[in-house]
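Residue numbers (our numbering): 2 to 226. Each residue gets a CB set at the ideal place from its N, CA and C atoms; glycine is no exception. Since this is a predicted model, take the numbers as computed values, not measurements.
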Ligand code: FPP
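Right, dumping it as structure tokens:
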């Protein structure tokens with residue numbers, strides 16, 4: 002969800018105003034996603050590297066996450082959205098951690114959309130943690146399947162591989178996001194800043210995705226015969 006800062010700066014507003022506008026985009030996209038056939042949506046809200054930002058900005062983001070969770074949970078429940086927060090929790094404040102736990106519990110029966118919000122998240126750290134778990138649980142020589150490893154990565158949740166990764170604001174990097182899960186992801190880069198990203202932009206990204214030929218390393222059907 003890149004471009005909040007630039008959106009604010011272009012309007013001579015403080016960066017946090019961009020994050021607030023970004024939260025409105027989150028609301029719009031979460032509402033639109035299930036109607037467009039999306040079953041799992043993961044939003045990268047805060048990376049482990051984002052702690053390097055000025056304290057004021059980090060504190061404002063943490064308050065925004067809490068306020069958003071508290072305010073949106075009833076709507077998520079009504080719309081059948083199941084929320085899970087991925088990433089480390091031990092460095093978050095007690096108040097935010099409590100809000101996350103309440104929102105996850107309240108939405109746990111949702112079946113329309115699996116909404117995953119990554120906070121204090123690093124894909125490389127997640128892979129290391131899964132590997133450490135494996136090391137401590139495997140006795141003798143075991144061949145570890147991809148499925149077993151994927152389940153460890155997502156704390157036992159059956160999370161599918163990423164089909165489509167959308168990156169806003171012209172950035173063209175993965176930035177330590179879902180590295181394992183994105184092995185065959187289709188990438189969509191848009192110059193649009195996140196606060197300007199809406200349901201119609203999601204719809205056209207999905208349209209374009211549906212037109213792509215995904216071969217997963219195989220040859221096209223016509224050539225196979
Ligand atoms: C990156 O853009 C954005 C973030 C680090 C924060 C994302 C947070 C939100 C969209 C707020 C709402 C989120 C939830 C889950 C309620 P940037 O600040 O790096 O923008 P820039 O590249 O223009 O500086």
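8 Å Cβ cutoff met for residue i and residue j
i           : j           : result
residue 177 : residue 123 : yes
residue 135 : residue 144 : no
residue 162 : residue 184 : yes
residue 71  : residue 100 : yes
residue 300 : residue 67  : No answer is possible for residue 300: the residues shown for the chain start at 2 and end at 226.
residue 43  : residue 179 : yes
residue 20  : residue 62  : yes
residue 35  : residue 113 : yes
residue 154 : residue 127 : yes
Counterpart residues of residue i in DSSP-defined beta bridges
i           : result
residue 20  : DSSP, once it has assigned bridges, lists no residue as partnering residue 20.
residue 116 : 42, 84
residue 182 : Partner(s): none; residue 182 has no beta bridge.
residue 167 : 189
residue 47  : 120
Of the residues the options, the one placed nearest residue i, counting alpha carbons only
i           : options            : result
residue 115 : 104, 210, 160      : 160
residue 129 : 181, 96, 82        : 181
residue 164 : 174, 175, 173, 188 : 188
residue 64  : 48, 137, 44, 94    : 94
residue 157 : 103, 98, 121, 87   : 87
residue 30  : 77, 97, 173, 51    : 77
residue 91  : 102, 58, 72        : 102
residue 25  : 2, 7, 218          : 2
residue 125 : 201, 50, 37        : 50
Cα-Cα separation between residue i and residue j, rounded to whole angstroms
i           : j           : result
residue 120 : residue 47  : 5 Å
residue 18  : residue 9   : 6 Å
residue 23  : residue 222 : 42 Å
residue 194 : residue 5   : 7 Å
residue 214 : residue 204 : 18 Å
residue 104 : residue 117 : 12 Å
residue 13  : residue 196 : 15 Å
residue 33  : residue 170 : 20 Å
residue 168 : residue 192 : 9 Å
residue 98  : residue 218 : 41 Å
residue 137 : residue 175 : 29 Å
residue 55  : residue 69  : 21 Å
residue 58  : residue 7   : 14 Å
residue 209 : residue 53  : 35 Å
residue 107 : residue 79  : 10 Å
residue 216 : residue 60  : 44 Å
residue 201 : residue 89  : 32 Å
residue 211 : residue 148 : 25 Å
residue 198 : residue 75  : 24 Å
residue 220 : residue 45  : 33 Å
8 Å contact criterion, which residue i and residue j should meet: CB distance rounded
i           : j           : result
residue 173 : residue 190 : 5 Å
residue 81  : residue 111 : 5 Å
residue 186 : residue 166 : 5 Å
Within-8 Å CB hit, residue i to chain C
i           : result
residue 164 : In the structure shown, chain C cannot be found, because there is only a single protein chain.
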